[in-house]
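If you read the protein sequences in the order shown, they are chains A and B. Read the first sequence against my numbering and you will find it ends at 1223, with the numbers running on by one and no gaps. Read the second sequence against my numbering and you will find it ends at 1223, with the numbers running on by one and no gaps. From the three backbone atoms N, C-alpha and C, an ideal C-beta is built for every residue, glycine too.
Number of protein chains: 2
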Amino acid sequence: MDAAAKPRTTRIQVQKRELILDAALDVFSTNGFRGSTIDQIADAAGMSKPNLLYYFKSKEDIHTTLIERLLETWLAPLHEIDDIGDPMTELRAYIRRKLEMARDYPRESRLFANEILQGAPRIMPLLEDQLKSLVDEKAHIIKGWMRDGKIAQTDPRHLIFAIWATTQHYADFDVQVRAVLGPDRGGDGRFDDAARFLEQLFLEGLRP
Amino acid sequence: MDAAAKPRTTRIQVQKRELILDAALDVFSTNGFRGSTIDQIADAAGMSKPNLLYYFKSKEDIHTTLIERLLETWLAPLHEIDDIGDPMTELRAYIRRKLEMARDYPRESRLFANEILQGAPRIMPLLEDQLKSLVDEKAHIIKGWMRDGKIAQTDPRHLIFAIWATTQHYADFDVQVRAVLGPDRGGDGRFDDAARFLEQLFLEGLRP
DNA sequence: CTAACGTTTGTCCAATCGGTCAAAAATTGC
DNA sequence: GCAATTTTTGACCGATTGGACAAACGTTAG
Chain A
1016 MDAAAKPRTT
1026 RIQVQKRELI
1036 LDAALDVFST
1046 NGFRGSTIDQ
1056 IADAAGMSKP
1066 NLLYYFKSKE
1076 DIHTTLIERL
1086 LETWLAPLHE
1096 IDDIGDPMTE
1106 LRAYIRRKLE
1116 MARDYPRESR
1126 LFANEILQGA
1136 PRIMPLLEDQ
1146 LKSLVDEKAH
1156 IIKGWMRDGK
1166 IAQTDPRHLI
1176 FAIWATTQHY
1186 ADFDVQVRAV
1196 LGPDRGGDGR
1206 FDDAARFLEQ
1216 LFLEGLRP
Chain B
1016 MDAAAKPRTT
1026 RIQVQKRELI
1036 LDAALDVFST
1046 NGFRGSTIDQ
1056 IADAAGMSKP
1066 NLLYYFKSKE
1076 DIHTTLIERL
1086 LETWLAPLHE
1096 IDDIGDPMTE
1106 LRAYIRRKLE
1116 MARDYPRESR
1126 LFANEILQGA
1136 PRIMPLLEDQ
1146 LKSLVDEKAH
1156 IIKGWMRDGK
1166 IAQTDPRHLI
1176 FAIWATTQHY
1186 ADFDVQVRAV
1196 LGPDRGGDGR
1206 FDDAARFLEQ
1216 LFLEGLRP
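Structure follows, in structure tokens:
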């Protein structure tokens, strides 16, 4: 009577899939897609390769799942921007949230960077639809702030790019940042220094 | 009498090596090191794989040569900063030069980004010695400007990071930038818009 | 012409890759 | 307990990879 396949989902299946995705995030974010092997991921997840392929049908399947899940949380801070609050406060909060994400989820940032760097072969449609319309919407809000004289007149889209670039830099180029700062300021304090600097740069730079 | 191997360098050797390096820059910058194959590079250079290996002894040899050569030209704009000119003019010129490099040498930028993203396994020593001391030197100059009240007081190293991040973003994340801007402003004009925005952001943001 | 040298390629190899398969082991429902 | 089902793995396969090698080709100097 039920022609459709039953949606079997054991508790153990959910756990193992989660375990694999976490291991894969480690491997993919440091080696890129083509630079990563199923064996590496299986090793990191503490299981054999055929066992891993029992939960995901291919290497690309893991990667796709990871990227799709990532995009939601990655754009959450941008979603939170709205035009009811004070513009400067909103922008400061956005910059802070983005920097916190670079600090707390560097693997996700690098996975995303790897994908974009190589021409976004697997998420190009998402960028053109989902991301573009989201940026369009928020750019419209920011443009409104500029018209009201709340912040300086500039290109809102390039402002968003600049916030992305400066915050994600601390995740994607982490080794370079630490190498340049040296052992003294390359420790845990670098994110506090970055937060202070970025707030000053953007808030002073956007003062109407 | 001459115990050392003779420094054979035919004119054709120089040409072919240059041809290979250019092809390799194409391939490496879009696929990363592990994602690129010698066959791809040989194809792009219009020769057979054994022929390519006659000029470079391994895949890593090509990559190393490319990276070392890149680092010189890549840091040239930073080298040019000195403390004899007007601080604001110097900074504006530096930002403009870096943005021009992102526009004219996106392959080099992506090659560098790929290397750093994956933990800089092949150039870590260069970052800790060459790059660090260069940044230290320029940070000292900038600090001097701040003490003289020529520009606002901030962390000079994070200022340099911000300039790197925002300018290189237009090379490394090019597909995302174009996807978000759409066909209208995603064309050739995007670098002019970026230049206008970045000048305003940094110059206003750093006004003493 | 020919010997010497630089250049090019077809062929081959061992290692690694993504993925399959059948059979063993563990778990679950009764 | 036992049978059905889910989970795990060793062994294997074809394709691709980086690289070696010797033979062929081209060029030049005498």
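Point to revise | Backbone CA spacing between K1074(A) and A1117(A) [nearest angstrom] | key: 26 Å
Check your understanding: So which residues of chain A does M1139(B) contact, with C-beta pairs closer than 8 Å?
Key -> V1190, A1194
Exercise for review: Under 7 Å Cβ to Cβ from I1059(A), same chain only, skipping five residues before and after it: list those, please.
Suggested key: Checking the displayed sequence, the identity of residue 1059(A) turns out to be Ala instead of Ile. Result list for A1059(A): A1038, D1041, V1042, in chain order.
**Study point:** Closer than 7 Å at the beta carbon, the chain B residues around H1155(A)
**Key:** By Cβ distance, chain B contributes nothing, its closest Cβ being about 13 Å from H1155(A), past 7 Å.
**Study point:** Under 8 Å by beta carbon: chain A residues contacting F1043(B)
**Key:** Per Cβ cutoff of 8 Å: no residues; F1043(B) is ~11 Å from chain A at best.
Practice item. Please name the residue in W1160(B), I1035(B), A1135(B) whose C-alpha comes closest to that of K1072(B). Key: I1035(B)
Review point. Skipping 5 residues on each side, what residues in its chain have a beta carbon closer than 7 Å to that of P1022(A)?
Key: Unreliable placement is indicated for P1022(A), whose pLDDT of 45 sits below 50; the coordinate value is still reported in the next sentence. Cβ within range, chain order: n/a, list empty.
Practice item. Could you spell out where the alpha helix (DSSP H) holding M1103(B) opens and where it closes? Key: 1102 to 1119
Practice item. Just the C-alpha distance for I1224(B) and Y1120(B), rounded to the nearest angstrom, thanks. Key: The shown model of chain B, from 1016 to 1223, leaves out residue 1224(B), and the question about it has no answer.
**Study point:** Minimum Cβ-Cβ distance from E1152(A) to chain B less than 8 Å
**Key:** no
Review point. Of all Cβ atoms in chain B, is any one closer than 8 Å to the Cβ of T1088(A)?
Key: no
Point to revise | Interface partners of L1174(A) on chain B, CB under 8 Å | key: F1212, L1216
**Study point:** Endpoints, alpha helix (DSSP H) assigned at F1212(B)
**Key:** 1205 to 1220
Review point. How long is the line joining the alpha carbons of Q1173(B) and I1131(B), rounded to whole angstroms?
Key: Reading the sequence as shown, one finds His at residue 1173(B) and not Gln. Taking the straight line joining both Cα atoms gives about 18 Å.
Exercise for review: Mind listing the chain A neighbours of R1162(B)? Cutoff is C-beta to C-beta under 7 Å, in chain order.
Suggested key: The premise fails here: R1162(B) is roughly 17 Å from chain A at the closest Cβ pair, so nothing lies under 7 Å.
**Study point:** Cβ neighbours of A1167(B) in the same chain (closer than 6 Å, five flanking residues each side left out)
**Key:** L1221, P1223
Check your understanding: For the stretch 1114 to 1144 of chain A, which residues have a beta carbon sitting closer than 8 Å to at least one beta carbon of chain B?
Key -> R1125, A1128, N1129, I1131, L1132, Q1133, G1134, A1135, M1139, L1142, E1143
Check your understanding: Residues of chain B with a CB under 7 Å from the CB of G1197(A): which are they?
Key -> K1147
Check your understanding: If you draw a straight line from the alpha carbon of A1020(B) to that of R1211(A), how long is it in whole angstroms?
Key -> Because the pLDDT at A1020(B) is just 36, under 50, the model does not fix this residue reliably, and the value given afterwards should be weighed accordingly. Spanning the two alpha carbons is a distance of roughly 57 Å.
Check your understanding: How many angstroms separate the CA atom of D1207(A) from the CA atom of R1193(B)?
Key -> 32 Å
Point to revise | S1124(B) burial status per 10 Å Cβ neighbour count (16 or more: buried) | key: buried
Review point. E1219(B) CB to nearest chain A CB: under 8 Å?
Key: yes
Exercise for review: Check whether the stretch 1175 to 1195 of chain B touches the stretch 1172 to 1189 of chain A, counting contact only when three or more Cβ pairs, one atom from each stretch, lie closer than 8 Å.
Suggested key: yes
**Study point:** Any chain B beta carbon closer than 8 Å to D1170(A)
**Key:** yes
Check your understanding: If we cut at 8 Å on Cβ distances, does T1181(B) have a partner in chain A?
Key -> yes
Check your understanding: Which residues in the same chain have their Cβ closer than 8 Å to the Cβ of Y1070(B), if we skip the five residues on either side of it in sequence?
Key -> Q1028, K1031, R1032, I1035
Practice item. Go ahead and pull the three-state DSSP assignment for F1127(A). Key: helix
Check your understanding: Could one say the Cβ of N1066(A) lies closer than 8 Å to chain B's Cβ atoms, at least one of them?
Key -> no
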